[in-house]
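Worksheet for the structure shown next.
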Amino acid sequence: MATRFFILFTSLIFSNGSFSQSSALILNGILHIGNGETIPSAFISIKNGIISKVGNYLTTSYNKTEWDTIIDAKGKHIYPAFIAPNTTLGLTEIDAVRATRDYREVGFFNPHIRSQIAYNVESKVMSTVLTNGVLICQPTPRGGRVSGSSSVMKLYGWNWQDATILKDDGVHVNWPIVNWKRKEPSKNGLTKKYKQELSELESFFCLALNYSAKKNIDSTDIRLEAMKKCFNGDRRVYFHANEIQQLLDVISFVEKFKIKHPVIVGGYDAPIAGKRLKDAKIPVMIRRTHNLPDMSDDPVDYCFRLPSMLKKHGILFCLENSGDMEAMNARNIPFLAGTTTSYGLTEEEAIEAISLSTCKILGIDKKYGSIEKGKSATFFISDGNALDMRTNNVSTIFVDGKTVSTKNFQFNLYKKYKNKYQNQ
Amino acid sequence: MEKFENKNFKIVLGKIFSLGILFYFHKQIFRMSFKKIIFWWFLFPYLIFGQEIPSNGVQESKHEFVALTNAEIIISPDKKIKSGYILIKGDKIFKVGKKTKFPKGTKIIDCKKAIIMHSFIDPYSDLGLLGKRKTNSHRIENTAYYWNEAIHPEIDASLYYSRDKKNIEKYQKMGYGSISTHIADGIARGTGTLINLSDKNTRSQIEKNKTASYYSLKKGSSKQKYPSSQMGSIALLKQAYFDYYHFIESKKENNISFNHWKDNLDLPQFFKVDNVLELLRAYKIEKLSKAKFIYVGGGDEYNAIDKLKTLNPDIVIPLNYPKGYEISDPYIAKKIPLKKLKQWELAPSNASILKSYGVSFSFTAHGIDKAKSFWKNIRKTIQRGLSEEQMLKALTIEPARQLNLSSLMGSLSPGKYANLCIYKENPFQKETTLLSSWNKGLEKKWDTSPIVEALGEYQININGIGLKIKIKDKKISFSNDSIGEKLSFETKNEDITIRFLLNDSIHSGLYLLHGKIKTNGSIFEGDALLPNGSLLTWNAYRTKEEKKQNKNKPVSDSTKTSHYINLWSPNMAYGHDSLPKAKKMIFKNVTIWTNEKEGKISGSVVIENGKIKSVIKGNKKIPEENAIVINGEGKHLTSGIIDEHSHIAISKGVNESGQAISAEVSIGDVVNSNDINIYRQLAGGVTTSQLLHGSANPIGGQSALIKLKWGYLPEEMLISNAPKFIKFALGENVKQSNWGDANTSRFPQTRMGVEQIYYDAFNRAKNYKEQWAKFNLNKKGIAPRKDLELITLNEILEGKRNITCHSYSQSEINMLMHVADSMQIKINTFTHILEGYKLADKMKTHGAAASTFSDWWAYKYEVNDAIPHNASLLHKQGVLVAINSDDAEMGRRLNQEAAKAIKYGGMTEEDAWKMITLNPAKMLHLDNRMGSIKEGKDADLVLWSNHPLSIKAKAEKTIIDGILFYDIKEQDSLIERNRLERIRILTLMMNEKNIEVIPFTKEESHPFHCNTIGEIELNKENLH
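Now the structure itself:
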């Protein structure tokens, strides 16, 4: 075992990349499955990138010689991949440098714009996110009314094909804004502009719906082609909406166009629409919880409490972290979840909100999201509680069964200057 | 005096005068033809006494005396005549009394028991001058005006005033007679002009060219970049005063602006502010002005009433109250900030609150768009407890006093202008009719229809037909609907017109009736046009009288309510019911993070009189009399978090970006105590913040060090005798790298230029100091000009002001330390300092501290090498390190941010904790008072639910100076209280009769960051 360990870690140091093995055992760790359950002393086996067995370490027998790698995870925590949905990670490098921004395309209705092919697997930013346990993300185009199609990607791969988990998982709709200052107000608070923008959106969806129903298409419209799968359920439609009026209008919209997999992204007022969202079976990606309340009168901890409020309503939810500096900040997703543990979620519920629930919402939960038999071996080991800044220390990362370096360029710079001072 | 203003007299005088001229120039004149001489002799008086516009037709003769009799006369607020007369001679009041004999030829007007009141006077208006300066901007570069366009005391409103008929009529209907109007633009706005609100032409309306000087804190239409913030406006005005005094003393050069200012400073000085916090800001400038300011307030003076009581300023308050909101939609009703609702509720009580605290004020109608709203607001104000006498005083005597016009107006006493309004009934008590307004003895009659009211049931007799109709509430109806249709009526003065179509088989057709209303509306008589086209007389008599409903009941005492019982501090959601005070408290059985050599201990802490009285290890018994005892079992007590880099609680601009060096501006001038983020940060355990200027310029403005004493005023939040700080900045922000292609011309555009800015600035400062030293040696000659920027820079050179420098990359950090070394000064703190880890050794040698982000990077090119291990590396090299926020949201999670240093670089927990408490206290040179739990230090404490660095930690109690400002236990009840208060006010709004409403629109909130320019963010994609 010791020699195998040696092989594993030397290869990490020298190649600074992944190490592939066909089988591995992770023994005696504290397992957070991702579905709300734990195994205090777990047995996990990986074969060909797939989790072949999950059980109790104390009651499982195994033959050491059958395994390439055996990791003793005693006292350590094992988590399923944390996920950064709705992010510009991989599409941007330095926010202020225009040349590095690849997430906002010109145009207003852009369902045909695809993030998958712009995804930069060598992003330096990505390497700093991966090492905190965030192993999967959903790079998402921004801007316009329909900003484009996102894909679900691993944070590790040789190229974008290699990194893809789910290609073109859904289109993103930025719901019209209801009522801001400087826009002409009206009696019931709905601006003319809102109504107009809403009808524009509806007419676009009408066009797309009609197009999708056509059997013979004379000339291909690539925009409408991209919308086709939204109606038959192959693609999700992500509605970015926060205010109650928007949420209620989304519910009617979904009904009207019979959208099979709608998702609300944001959902600030979702607790008000609680039962209606639940009945409509629309899940919510809760916007960055490390956020100030929208209104000065809202409770100071409103954003921290949003997840537990949705939990009470029985709505399927996960956390997302879009906003200022979202790409770089994706590495703090574990702590977003951690904060909610003081505001109504249990630790396991918080983990679920950034792993299995997210995968359910993204539609990849059959293969990802929890550490269960038959799923992809995409998980990590942390020395301590990964939801707490003090103890999030990722020591091993598996992506589809491959171990990936837990060090990044920032760590290397740290070492470099640490050595400089030590040698002075 | 009176005769002097007689036009004919002027002409006679002119002719006599011209004879003298004739004699003087007789030689030249003899050469003229006789005709020419006669021509000039006639024309001359008109030339020297102003041109008269030729009248069309014969000249009207005027009554010398006019008497208004049989009226209730309110001479002044405290002097009334129940039934009396006013005798007017020319434009002035000649006599007022109960009974007298009028001179022969007096025109007598019977007022029929109407009520006569002095016309109101408005000291603050922009009537006839709206938007004038924009089109009349005269500043051309290199002219002899003041360098900054926002300072233009030379602007004389009388030169721009033109008659605005529509708005004059609005003011007339409000009962106004005189206003002082000015061009509401800029900081030193110039002088206002006194306008009589007559229907005369523009020339005759201008009563006095210069009444008062006007000021504000708004830059206005000036196209210059400076100032771009309110603190810049304050600094500019201060500097302008210094420049002016220097100008007066030195007499070296000419300055047109100052020449005018010299004269204007003797006039009343009105200072327009938007709210009471601005009033307190302007108050601090007053002493520089050497003249008393009269503040034109924002109407929320009640929010700082105790403070105003002690300052006792002279104020003009607005009668323009906030409008109500349309509240048909519960979602919208829920989103209206409580602050706005409370403002709506309390604004009409402002006057009575000020009165009860003895603060003197006048009113302005500025901003009111309809006369009707004006009168409604007047009555509302009286309803809220201001007496009618006080109301009248604030509309007449007080504004006259403020404008130095008391000798001419303010009361209806002999010798003063005959500016008065005649109302049918007392307008302060109920809606009534303005019968006529008199301006300088000239009457304007208002259309006062109907004098007689047609009301009740009538029998109309016309052409042998008898019809029964009913008039009620301005509606007319047949008593039997089948008789006819299209019935309508109109009354005008004493006339009534009625029209209808009859369905009757014999008499069917159109009827048009015109009649006189007689005997108090009980009889109509007149002619009717019949269906056959003939005109026939008709009449009607009342068969049943309808009592007029008195909708406007006089103000009764029962409706006067004390509306300010719900005045919170601050007056918004989460405000305190009453201002909390320091109490004696004991925290027992708690884990104490002392930050002292004892480290983490278990024990008790006693606080009293705002200080930490004792720190006791173990469970020793402590006397608990008169103390609030808090059992801290399982909890942690720490000193309050200190945020070394914050931009919350700042009004109107965090950057003065108009100049590369803005050392003269100070955040301390613009602290906004009503920012909800103060409360939110208390909930995150923050007790002290350094409010820094932004990073738009190499040398920014001065910092404010505040304690987050939510509910207190800015002055009370500022830490007394705090060390002085100033913001410097390096790199991309000051190079304007990310400001778009339009911003490529302000020096500097490179890091090379940034260095030279500092050398130049410090050299200029040194020269300045030498100049003064030379002068101070023998005090001979003229003192050099006082320069606020250079004074501040000298404070830095003398070590009296510390530098906090925004910095990222190692080259620039190195450069600035180098510059500082050459000036023999020290850079106190490098803030952000994301590449600090690359030169920790050099920083240690220089003695600079580092205040950094825990893990931010990748937002611009210069942070590409930023690593989260920065804090740990710096700390290990012995540099004093703090973690700061620069962000209102992160500011309330600084404990989490500090904890990241444990993950990145393996810092110990206690060292990590010090990075947000003791270390920033040391950086701010406040560690003798805060930063640790030690006897004698300020009682700034936080009780945590949990290990304070854990992800589960919540601040449960936040205490500053021994005062409990945040208590997690109170949250639910506060939220409930806010909710009930909202419903209470919304209900009031719903119940208010004839309320004017506007739709609510959500305001975008823009928290400030380092590079926020103006009042909103420049570019979302590139912050800090």
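Residue numbers (this note's numbering), protein chains in the order written: chain U, 1 to 424; chain F, 1 to 1024. Glycine is no exception: its CB is placed at the ideal position from the N, C-alpha and C atoms. Predicted, not measured: the structure shown is a model, and the values here were computed from it.
- Per DSSP, U/F304 is not a residue of any beta strand (DSSP E); the alpha helix (DSSP H) it occupies stretches across Y302 to K312.
- Under a criterion of Cβ atoms nearer than 8 angstroms, no residue of chain U is adjacent to F/Y808; the nearest Cβ is some 12 angstroms distant.
- The beta carbon of U/V121 sits no closer than 8 angstroms to any beta carbon of chain F.
- Taking a C-beta cut-off of 8 angstroms against chain F, the contacting residues of the stretch 294-327 of chain U are D294, M295, S296, D297, P299, V300, D301, D324, M325 and A327, listed in chain order.
- The closest CA to that of F/L943, considering only F/V605, F/L839 and F/H647, is found on F/V605.
- With contacts defined by Cβ atoms closer than 8 angstroms, U/D383 and U/T391 form a contacting pair.
- Linking F/D266 to F/K210 through their CA atoms gives a straight-line distance of about 11 angstroms.
- The criterion of a C-beta distance shorter than 8 angstroms is satisfied by F/V686 and F/G891.
- For F/H514, the pairing in a beta bridge is given by DSSP as F/T497 and F/D527.
- CA-CA distance, F/E644 to F/K707, rounds to 12 angstroms.
- Between F/L705 and F/Q681, the C-beta gap is not smaller than 8 angstroms, which leaves the two residues out of contact.
- Interface criterion met: the Cβ of F/H869 is under 8 angstroms from a Cβ in chain U.
- Per DSSP, the unbroken alpha helix (DSSP H) holding F/P714 starts and ends at P714 to M717.
- Within the stretch 102-157 of chain F, the runs of alpha helix (DSSP H) at least 4 residues long that lie entirely inside it are, in chain order, 132-136.
- Unbroken alpha helix (DSSP H) runs of no fewer than 4 residues, entirely contained in the stretch 783-840 of chain F, are found at 788-797 and 810-822, following chain order.
- Under the 8 angstroms criterion on CB atoms, F/K635 is classed as non-interfacial with respect to chain U.
- In this structure, the straight-line span from the alpha carbon of F/E956 to that of F/S945 is close to 6 angstroms.
- Measuring C-alpha to C-alpha distances from F/G700 to each of F/G711, F/S657, F/I121 and F/L713 identifies F/S657 as the nearest.
- Looking only at F/A188, F/A114 and F/W446, the smallest Cα-Cα distance to F/K173 is reached by F/W446.
- If you draw a straight line from the Cα of F/H576 to the Cα of F/T433, it comes to about 45 angstroms.
- The beta-bridge partner set that DSSP reports for F/S482 is empty.
- Residue pairing by DSSP places F/T433 opposite no residue, since no beta bridge is assigned to it.
- Listed in chain order, the positions of the stretch 106-130 of chain U with a beta carbon within less than 7 angstroms of a beta carbon of chain F are V125.
- Within chain F, Y331 have C-beta atoms less than 7 angstroms from the C-beta of U/Q245, given in sequence order.
- For U/H112, there is no enclosing beta strand (DSSP E), as DSSP marks it with neither H nor E.
- For U/G338, there is no enclosing beta strand (DSSP E); the enclosing alpha helix (DSSP H) covers residues I333 to T340.
- CA-CA distance, F/V629 to F/N589, rounds to 11 angstroms.
- The shortest C-alpha to C-alpha distance from U/V173 to any of U/I222, U/Q246, U/Y211 and U/Y343 is the one to U/Q246.
- Within the same chain, G324 come within 6 angstroms of F/I995 by CB-CB distance, once the 5 residues on both sides are set aside.
- Within chain F, the residues whose beta carbon sits less than 8 angstroms from that of U/V97 are K860 and Y861, listed in sequence order.
- The beta carbon of U/N392 sits closer than 8 angstroms to some beta carbon of chain F.
- Counting along the chain, U/T69 sits inside the beta strand (DSSP E) bounded by residues T69 to D72.
- Close partners of U/L387 in chain F (Cβ separation under 9 angstroms): I951.
- Below the 8 angstroms Cβ cutoff, chain F contributes Q896 and I951 as neighbours of U/F335, in chain order.
- For F/N884, the nearest beta carbon of chain U is not closer than 8 angstroms to its own beta carbon.
- Distance from the Cα of F/P399 is smallest, within the candidate group F/N264, F/S119, F/F775 and F/M989, for F/S119.
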